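*Asks:*
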Amino acid sequence: DVKVTQSSRYLVKRTGEKVFLECVQDMDHENMFWYRQDPGLGLRLIYFSYDVKMKEKGDIPEGYSVSREKKERFSLILESASTNQTSMYLCASSFFSVVDNRAQPQHFGDGTRLSIL
Amino acid sequence: EDQVTQSPEALRLQEGESSSLNCSYTVSGLRGLFWYRQDPGKGPEFLFTLYSAGEEKEKERLKATLTKKESFLHITAPKPEDSATYLCAVQANRNFNKFYFGSGTKLNVKP
């Protein structure tokens, strides 16, 4: 079974702090993603990475950055936390099938519920 | 514009009362459609992938079907433990790394 592990289930930080959310996957997946999930807005993509040191902006990258130094680890950084970044953050991974080029599902961690006070 | 719409937003069923959830999509070249289950406070759990119209997948009381415009998740004789939010997502041929998610159907099965 694919295992995607997010470092914290719950996190409380203060406005202006630099916040790090960590995600590790154990299936050697090429692709990793960060989403935030808010009531009524669904899942929104922040950033994704298709290889080590590679990253691309998603739909809502403002106020966030990411780091992928190793294939299994993808970090989300809130440069200067603000109250509107209070949310559930979900990390996901997927692999790219070079054999048949078929779409592969994302596998999600259990999320980090982040509160910015 | 690529998008996914799920209906209904919420569904209440009695235990044993079968029903279907709908996922309508507009995407330029479907690469794959995915169904997920999400329990409160947890991440989405992968259920099925469907690739082409006419395809069906089954798992216990759940059966997913796909046409050229929509997918259905049929729930047969549901139990209270089937209560969850069910999410649908699609991936398009033109962008391998983008998954378009619907806003989900919240299912509540009463004993």
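Chains as they are written, first to last, in our numbering: chain A, 1 to 117; chain B, 118 to 228.
Using N, Cα and C, we set each Cβ at its ideal position, and we do this for glycine too.
All of these numbers come straight from a predicted model, not from anything done at the bench.
Quick one: give me the first and last residue of the beta strand (DSSP E) that F216 (chain B) is part of.
*Replies:* Looking at the DSSP string, the run of the beta strand (DSSP E) that includes F216 (chain B) is 212 to 218.
*Asks:* Within 10 angstroms of the Cβ of S93 (chain A), are there 16 or more other Cβ atoms? Answer buried if so, exposed if not.
*Replies:* Answer is buried; the Cβ neighbour count reaches 16.
*Asks:* Which one of B:N214, B:A194, B:F189 has the shortest CA to CA distance from C205 (chain B)?
*Replies:* Minimum Cα distance to C205 (chain B) is reached at B:F189.
*Asks:* Could you give the C-beta distance for T112 (chain A) and L21 (chain A), rounded to a whole number, given that I count them as a contact under 8 angstroms?
*Replies:* At roughly 5 angstroms, the Cβ-Cβ gap stays under 8 angstroms, so T112 (chain A) and L21 (chain A) are in contact.
*Asks:* Could you tell me the distance, in whole angstroms, from the CA atom of V226 (chain B) to the CA atom of S137 (chain B)?
*Replies:* Between V226 (chain B) and S137 (chain B), the C-alpha separation is close to 13 angstroms.
*Asks:* How would you list, in chain order, the residues of chain B whose beta-carbon sits under 7 angstroms from the beta-carbon of F74 (chain A)?
*Replies:* Result: empty, since nearest Cβ-Cβ is about 13 angstroms, beyond 7 angstroms.
*Asks:* Using CA atoms only, rank isn't needed, just tell me which of A:L45, A:W34, A:N101 is closest to R73 (chain A).
*Replies:* The option with the nearest alpha carbon to R73 (chain A) is A:W34.
*Asks:* Whole angstroms is fine: what's the gap from T182 (chain B)'s alpha carbon to T193 (chain B)'s?
*Replies:* Going from the Cα of T182 (chain B) to the Cα of T193 (chain B) covers about 14 angstroms.
*Asks:* At a CB-CB cut-off below 7 angstroms, which residues of chain C make contact with P161 (chain B)?
*Replies:* You won't find chain C in this structure, because its protein chains are A and B.
*Asks:* Run through DSSP, which three-state label would N139 (chain B) get?
*Replies:* The answer is strand: DSSP assigns N139 (chain B) an E or B state.
*Asks:* I need the DSSP call for D38 (chain A), collapsed to helix, strand or coil.
*Replies:* Here D38 (chain A) sits in strand by DSSP.
*Asks:* Which same chain residues end up closer than 8 angstroms to E79 (chain A) when comparing Cβ atoms and leaving out the 5 residues on each side of it in sequence?
*Replies:* Hits under 8 angstroms: K18, G63, Y64, S65.
*Asks:* State the CB to CB distance for the pair D51 (chain A) and S87 (chain A), rounded to an integer number of angstroms; the pair is presumed to be in contact (CB under 8 angstroms).
*Replies:* At roughly 27 angstroms, the Cβ-Cβ gap does not stay under 8 angstroms, so D51 (chain A) and S87 (chain A) are not in contact.
*Asks:* Once DSSP output is grouped into helix, strand and coil, what is the label at Q104 (chain A)?
*Replies:* Three-state DSSP puts Q104 (chain A) in coil, outside helix and strand.
*Asks:* Tell me which residues share the same chain as S8 (chain A) and place their Cβ nearer than 6 angstroms to its Cβ, disregarding the 5 neighbours each side in the sequence.
*Replies:* Within the same chain, S8 (chain A) has close Cβ partners T112.
*Asks:* Contact check, P61 (chain A) vs T166 (chain B) under 8 angstroms by CB: the rounded distance?
*Replies:* Not confirmed; about 27 angstroms, so no contact.
*Asks:* Quick check on the burial criterion: 16 or more other C-beta atoms within 10 angstroms. Buried or exposed for N101 (chain A)?
*Replies:* N101 (chain A) is exposed by the Cβ-count criterion.
*Asks:* Does P118 (chain A) get closer than 8 angstroms to chain B when you measure Cβ to Cβ?
*Replies:* This structure leaves residue 118 (chain A) out entirely; chain A is present only between 1 and 117.
*Asks:* Is D28 (chain A) helix, strand or coil by DSSP?
*Replies:* Correct three-state label for D28 (chain A): coil.
*Asks:* Can you find a heavy atom of the ligand SAH that lies under 7 angstroms from the Cβ of R178 (chain B)?
*Replies:* Because no ligand of any kind appears in the structure shown, any question about the ligand SAH cannot be addressed here.
*Asks:* Below 7 angstroms between beta carbons is the criterion; list the residues of the stretch 142 to 153 of chain B that meet it against any residue of chain A, in chain order.
*Replies:* Going along the stretch 142 to 153 of chain B in chain order, one finds R148, G149, F151 with a Cβ nearer than 7 angstroms to chain A.
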